[in-house]
Amino acid sequence: MGTLGRLMVSSCMRTATCAKLWRDTKSGLAPEYVLLDSMGRGEKRIPQGAAHSFLRPETAESLFYMYRLTGHEKYRKWGKKLFHAIVEHSKLPGGYGSVKDVNKVPTSKLDEMQSFVMAETFKYLYLLFSSDKALDMGKFVLNTEGHPLRKTSI
Numbered sequence: 005m006g007t008l009g010r011l012m013v014s015s016c017m018r019t020a021t022c023a024k025l026w027r028d029t030k031s032g033l034a035p036e037y038v039l040l041d042s043m044g045r046g047e048k049r050i051p052q053g054a055a056h057s058f059l060r061p062e063t064a065e066s067l068f069y070m071y072r073l074t075g076h077e078k079y080r081k082w083g084k085k086l087f088h089a090i091v092e093h094s095k096l097p098g099g100y101g102s103v104k105d106v107n108k109v110p111t112s113k114l115d116e117m118q119s120f121v122m123a124e125t126f127k128y129l130y131l132l133f134s135s136d137k138a139l140d141m142g143k144f145v146l147n148t149e150g151h152p153l154r155k156t157s158i
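Using this note's numbering, you'd call the opening residue of the sequence shown number 5 and step up by one each time.
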C-alpha cells in the first residue's frame with residue numbers, strides 16, 4: 005500500500021475512534037479529552053476535570069471530510085447520532101450550552117455557548133448531510149474556522 009493509502013486507512017481509523025468517544029458516554033457527547041491505553045488494549049478513561057463538553061467541532065469536521073472522501077454512509081450515521089446527542093443533551097432556550105459531565109444524564113448545562121458550536125460544529129453537520137452541490141470542494145477550501153474561501157489561481 006502506498007503512502008496515500010496508508011494515510012487514508014489511518015484517517016478512517018482516527019475518525020472512527022473520535023466518533024466512538026462520543027457514542028461511549030451516557031449522553032452521547034464527547035468529553036473534553038480522554039486518556040487512551042498506549043498498549044493497544046482499547047482501554048480509555050476520562051480524567052478528573054475532563055468530563056465536560058464544549059461541543060467541539062473536530063469530530064463533525066472529520067465525519068464531513070471522510071464522507072466526502074469515501075462516500076461511506078457510516079459517517080452520516082455517526083453524524084446523525086452526534087447531532088441528536090447535542091440537541092437532546094445541550095439544548096437551551098437561546099442556543100446550546102456546554103455540558104458539565106457527559107456521563108450524567110440528565111445533563112447539567114452551563115449557561116454559555118462557545119462561538120464554534122454554530123460556526124463550525126453545526127456547519128460541518130449541515131454539510132455532512134447536504135449534497136456536494138451545497139459546497140463544491142473543487143471551488144472552495146474551508147479555513148481553520150470552517151469558513152469557505154473561493155480557490156483562486158496564484
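Glycine included, every Cβ here is placed at the ideal spot set by N, Cα and C.
Is it true that the CB of residue j sits closer than 8 Å to the CB of residue i?
| i | j | result |
| --- | --- | --- |
| L129 | A64 | yes |
| E59 | S119 | It is worth fixing the name first, because residue 59 is Leu in this sequence and not Glu. Contact: no. |
| A89 | W26 | yes |
| L40 | S57 | no |
| A55 | P35 | yes |
| R49 | V38 | yes |
| L132 | L139 | no |
Just how far apart, CA to CA, sit residue i and residue j?
| i | j | result |
| --- | --- | --- |
| G53 | D115 | 18 Å |
| F126 | S134 | 12 Å |
| I158 | R10 | 30 Å |
| V13 | C22 | 14 Å |
| F1 | L8 | The structure shown does not extend to residue 1, since the chain is modelled only from 5 through 158, so no value can be given for it. |
| E77 | G98 | 32 Å |
| M70 | Y79 | 7 Å |
| K155 | M43 | 43 Å |
| K84 | V91 | 11 Å |
For residue i, which residues of its own chain have a beta-carbon under 8 Å away from its beta-carbon, when the five flanking residues on both sides are left out?
| i | result |
| --- | --- |
| E149 | F120, A123, E124 |
| S94 | L33, S57, L59, Y100, G101, S102, V103, T111, K113 |
| M141 | R72 |
| C16 | M70, T74 |
If I'm right that residue i touches residue j with Cβ under 8 Å, what's the distance once you round it to whole angstroms?
| i | j | result |
| --- | --- | --- |
| K108 | K30 | 7 Å |
Using a Cβ-Cβ cut-off of 6 Å (strictly less than) and excluding sequence neighbours within five positions of residue i, which residues of its own chain qualify?
| i | result |
| --- | --- |
| S112 | K104 |
When DSSP builds the beta bridges, which residues end up paired with residue i?
| i | result |
| --- | --- |
| P152 | L146 |
| Y100 | K95 |
Counting only the same chain and skipping the five closest in sequence on each side, list residues whose C-beta sits under 7 Å from that of residue i.
| i | result |
| --- | --- |
| W82 | A23, L67 |
| L96 | K113 |
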